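Following: one structure in structure tokens, then a few remarks.
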Amino acid sequence: MPIKVSVVVPVYNPGVYVEDCIDSLLRQSLPPDEYEVIFVDDGSTDDTPARLDALAAAEPRVTVLHQENSGWSGKPRNVGIDTARGEYVMFVDNDDHLGDEALERMYDYGTANGADVVVGKMAGKGRGVPVELFRRNHPRATVENAPLIDSLTPHKMFRRAFLDDIGLRFPEGPRRLEDHVFVTEAYLRAANVSVLGDYVCYYHVRRDDASNAGFQRFDPGGYFKNLREALDVVEQYTEPGPLRDRLFRRWLRVEMVERMRARRLLALPADYRRELFEEMHQVVVERFGPGVAAGLQPTQQVVAALMTADRYDDVEAFAEWEAGIALTAVPEHVAWEDGTLRVGFSAEYTSAAEPMTFVAGTPRTPLDGPPEDLAAAIAWVSANTAARFGQATADLLVRERASAAQYFQPVEFTRQEVPAGDDGRVRLVLHATAAVDPAALTDAGVWDALVRVRLGGWTKECRLGPAPRGARPTPSAALAGGHVVLPYWTSPHAHLALDVDRATGRLGLGAISLDEVTASGDRLRIPLPLHVPGDGAEATLRLTSSHGTLEVPATLSPQMSGALLEAVLPLGELRGAAWRVALGTPGPRFLALPFVLRGGVGGVRVVRVPGPNALRRLVRRVRRRLGTAMGRTATRLRARTGRR
């Protein structure tokens with residue numbers, strides 16, 4: 008079979024982190040004979056070379072190349088490109104991993120759209136990743152119609168013939184931002200770029216020791232020298248004007264302004280901050296015209312203007328003010344409506360834990376130069392934030408806690424100016440309602456609800472909650488979208504989370520009243536505290552006894568605030584035994600119900616599941632206490648004898 012994808016993995020001393028990478032590459036849904044994995048070992052000094060050689064000996068799709076250390080990832084990636092046999096080349100770092108269907112989905116999407124570059128949705132486990140780029144699929148994306156420039160890491164799929172035709176390779180040697188140079192040129196010269204936003208293809212992982220290359224402190228002089236090379240690429244393939252300014256704005260915003268803001272700046276050592284600032288000042292003065300900063304948000308414009316004017320102390324003072332600004336999001340209602348979870352909330356920014364206020368009715372004014380002082384900077388930002396309130400947006404995302412996969416949910420919102428005193432000041436509040444479709448929650452686990460707001464010069468995220476205890480909505484679990492979903496409030500912070508296909512005891516099935524469970528002839532009717540869609544759902548009852556196990560088809564239909572389960576029992580098979588009852592879910596799990604069916608000649612009786620008697624409870628309590636006491640005694644003896 009022709010090789011569809013060649014995965015190139017530069018490797019240098021990854022330790023145990025390479026194992027998740029290897030596992031994800033071997034789990035790919037693309038048939039094994041349709042892709043290859045090329046590990047390029049860049050002079051590792053740990054056990055990785057032997058580990059990879061053993062893997063290659065056992066796996067025909069794996070190739071390992073060894074070379075002397077080159078100092079960075081550029082040369083290993085180039086060696087991988089030159090070795091690759093696939094139609095597309097995919098770059099993966101040795102401490103990251105792929106979604107199980109990543110190669111298949113990206114390849115199919117790329118070939119369907121004739122893409123030279125395929126950008127798969129990313130998730131960051133302890134690392135930041137682009138968000139807006141993956142709001143939806145972009146089959147034909149460009150730097151003009153999509154925020155492609157927000158994603159300049161190389162972890163994408165590139166058509167190999169495209170790379171060869173234009174002679175594109177990574178800069179080599181011990182240097183930074185080689186990926187910016189490579190990816191920027193690819194974007195600007197590609198016939199088409201396709202963005203796949205509905206499946207998480209690539210997981211960026213922050214190591215526990217934060218030893219990823221991107222987290223290491225860099226030499227400012229060398230870093231911004233390399234950054235200028237990325238700007239050179241933009242100048243080579245664009246004309247002066249709005250597009251070039253917009254592309255340059257990415258480096259001004261991400262690599263400079265955002266490093267000089269709020270806690271991110273204040274967390275750095277004082278001497279390092281100034282060194283960074285001085286290098287940034289040089290780049291801004293040398294390379295950026297006034298049109299670059301003019302397109303930034305108000306807070307970013309202030310930092311850029313102060314940077315241009317070489318006023319570091321004012322940048323630091325502005326950062327201290329911004330460090331106190333946060334987003335709060337208060338739940339207003341959480342309820343099921345025909346299989347969809349409706350989540351209402353309000354959101355606004357706070358400063359020093361108090362709602363921020365703004366002067367209403369102020370016109371939007373350009374920033375003609377650096378503000379005179381901190382008070383003038385704050386006043387200009389506040390006035391322009393109020394003037395731009397009509398552009399503010401609110402979103403709800405759900406993020407799976409273990410993997411960090413996240414998805415935007417459909418949302419409707421309104422903007423409200425709330426009077427905040429007699430001096431004409433107002434609070435800027437967003438009211439939103441999101442519709443969470445359980446079918447979109449692709450993985451079992453805990454999904455956190457996050458609110459994302461863009462207002463004025465800030466784009467911030469926060470967990471949804473807490474709600475005031477007396478007004479906290481408490482929705483029931485639901486059987487919807489092929490999942491059992493339980494909305495709940497975390498402890499102790501009372502943030503909204505969704506337990507998908509894992510909750511058991513928390514579903515409230517143990518509170519079912521036996522008085523409401525009826526068994527008449529062969530008909531069993533059980534009221535359940537579960538929401539089901541209006542058209543109902545199919546279910547299964549598992550009956551277990553010493554005689555064996557039976558699975559009985561059942562139906563669920565809406566009944567008041569819950570559901571009614573109905574089933575026809577095989578009376579002949581139930582006779583003469585006591586049968587424990589469990590409810591089958593759309594997944595491979597069954598939820599125990601708190602009663603037993605006793606089969607007899609005339610039908611079945613419903614009996615509550617017997618609990619442990621008092622003696623058994625006493626014995627368990629004594630055993631636990633004895634175990635704890637013996638453990639403490641053993642610890643003391645080891646300490647006295649010096650044993651570990």
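For the sequence shown, position 321 matches number 328 in this note's numbering, and the numbering has no gaps at all.
Glycine included, C-beta positions come from ideal geometry on N, C-alpha and C.
This structure is a prediction, so every number in the text was calculated from the model and none was measured.
Handout entry: Validate contact between the region 503-516 and the region 485-493 using beta carbons, cut 8 Å, 3 pairs
Key = In this structure the region 503-516 lies against the region 485-493, because at least three pairs of beta carbons, one per stretch, are closer than 8 Å.
Exercise for the section: Return the first residue and the last residue of the beta strand (DSSP E) that G528 is part of. Expected result: In this chain, G528 is not harboured by any beta strand (DSSP E), its DSSP state being neither H nor E.
Handout entry: Local conformation of K11 per DSSP, three classes
Key = Note: K11 maps to coil in three-state DSSP.
Handout entry: CB-CB length for P161 against R84, believed under 8 Å
Key = Rounded to the nearest angstrom, the Cβ distance from P161 to R84 is 7 Å, consistent with a contact under 8 Å.
Problem - Minimum C-alpha distance to I332 - residue among F284, V460, R260 - result: If we check each option's Cα against that of I332, V460 comes out closest.
Exercise for the section: Compare the C-alpha of V188 against each of R530, Y244, A198 and name the closest. Expected result: Comparing Cα positions, the closest option is Y244.
Problem - V310 versus T449 - alpha carbon distance - result: The alpha-carbon of V310 is positioned some 41 Å away from that of T449.
Problem - Own chain residues within Cβ distance below 8 Å of V388, not counting five before or after - result: Counting only Cβ-Cβ distances below 8 Å, and skipping sequence neighbours, we find P305, T306, V309, G463, G464.
Practice task
Whole angstroms is fine: what's the gap from C469's alpha carbon to V559's?
Solution key: Distance between the alpha carbons of C469 and V559: 45 Å.
Handout entry: Cutoff 6 Å; reference H104; Cβ partners in own chain excluding five residues on either side
Key = Scanning its chain for C-beta atoms nearer than 6 Å, with the 5 sequence neighbours on each side dropped, one finds around H104 the residues D27, C28, S31, Y210, in chain order.
Practice task
Can you check DSSP and say which residues form a bridge with T551?
Solution key: According to DSSP, which records beta bridges pairwise, T551 is partnered with T556, R587.
Practice task
Just list the alpha helix (DSSP H) runs in the region 334-403, keeping only unbroken ones of 4 residues or longer that don't cross its boundaries, in chain order.
Solution key: Counting only runs of 4 or more, we get 381-394.
Handout entry: When G428, T400, S13, G452 are compared against Y114, the one with the closest alpha-carbon
Key = Ranked by how close their Cα comes to the Cα of Y114, the residues G428, T400, S13, G452 have S13 in first place.
Handout entry: Coil, strand or helix - A326 by DSSP
Key = A326 falls in the helix class under three-state DSSP.
Exercise for the section: Taking G121 as the reference, give the member of A148, R134, F98 with the closest Cα. Expected result: When only C-alpha atoms are compared, the closest one is A148.
Exercise for the section: Could you check how far apart the C-beta atoms of R294 and R235 are, in whole angstroms? I think they sit under 8 Å. Expected result: Yes, R294 and R235 are in contact; Cβ-Cβ is about 7 Å, under 8 Å.
Handout entry: Endpoints, beta strand (DSSP E) assigned at W79
Key = Looking at the DSSP string, W79 is not in any beta strand (DSSP E), and its letter there is neither H nor E.
Practice task
Could you name the residues of the same chain whose beta carbon sits closer than 6 Å to that of T400, not counting the 5 residues immediately before and after it, in chain order?
Solution key: So the qualifying residues of the chain are R461.
Handout entry: V425 and V436 closer than 7 Å at C-beta
Key = Cβ distance < 7 Å, so V425 and V436 count as in contact.
Handout entry: I652 vs L572 beta-carbon contact at 7 Å
Key = Because the chain is modelled from 8 through 651, residue 652 falls outside the range shown and cannot be assessed.
Practice task
Examine the Cβ distances between the region 88-99 and the region 10-25 and report whether three or more of them are shorter than 8 Å.
Solution key: Yes, the region 88-99 is in contact with the region 10-25.
Practice task
Report buried or exposed for G579, applying the criterion of at least 16 other Cβ atoms within 10 angstroms of its Cβ.
Solution key: The residue in question, G579, is exposed, as its Cβ has fewer than 16 Cβ neighbours within 10 Å.
Handout entry: Beta-ladder partner(s) of M164, from DSSP
Key = Listed as beta-bridge partners of M164 by DSSP are M97, V125.
Practice task
Under 8 Å Cβ to Cβ from R256, same chain only, skipping five residues before and after it: list those, please.
Solution key: Once the five neighbours on either side are set aside, the close Cβ partners of R256 are V299, A300, G302, L303.
Practice task
Decide if P38 is buried, meaning its Cβ has at least 16 other Cβ atoms within 10 Å, or exposed.
Solution key: By the neighbour-count rule (16 or more Cβ atoms within 10 Å), P38 is not buried but exposed.
Problem - Nearest neighbour of G583, chosen from N391, E192, T55, S552 [CA to CA] - result: Of N391, E192, T55, S552, the residue nearest in Cα terms is S552.
Problem - Coarse secondary structure for P83, derived from DSSP in three states - result: In the structure shown, P83 sits in a helix (DSSP, three-state: H, G or I).
Problem - Sub-7 Å separation of H288 and M267 beta-carbons - result: Their beta carbons are not under 7 Å apart, which means H288 does not touch M267 by this criterion.
Practice task
Would you identify the three-state DSSP class for D157, choosing helix, strand or coil?
Solution key: Here D157 sits in helix by DSSP.
Exercise for the section: Could you tell me which residues DSSP pairs with S483 in its beta bridges? Expected result: Per DSSP, S483 has no beta bridge partner at all.
Problem - Limits of the beta strand (DSSP E) - the one that S201 falls within - result: 200-212 is the extent of the beta strand (DSSP E) around S201.
Problem - Assigned secondary structure, D542 (DSSP; H/G/I helix, E/B strand, else coil) - result: DSSP, read as helix, strand or coil, puts D542 in coil.
Exercise for the section: Would you mind stating whether G346 and P540 have Cβ atoms separated by less than 7 Å? Expected result: Yes, these two residues count as a Cβ contact at 7 Å.
Practice task
Label L598 either buried or exposed according to how many other C-beta atoms from any shown protein chain fall within 10 Å of its C-beta, with 16 as the threshold for buried.
Solution key: Buried, by the Cβ-count rule.
Handout entry: Top-ranked residue by Cα proximity to M567, from G528, L381, R612, E344
Key = Comparing Cα positions, the closest option is E344.
Practice task
Look at M164 and M97 and say whether their C-beta atoms are less than 7 Å apart.
Solution key: Taking a C-beta distance under 7 Å as the contact criterion, M164 and M97 qualify as a contact pair.
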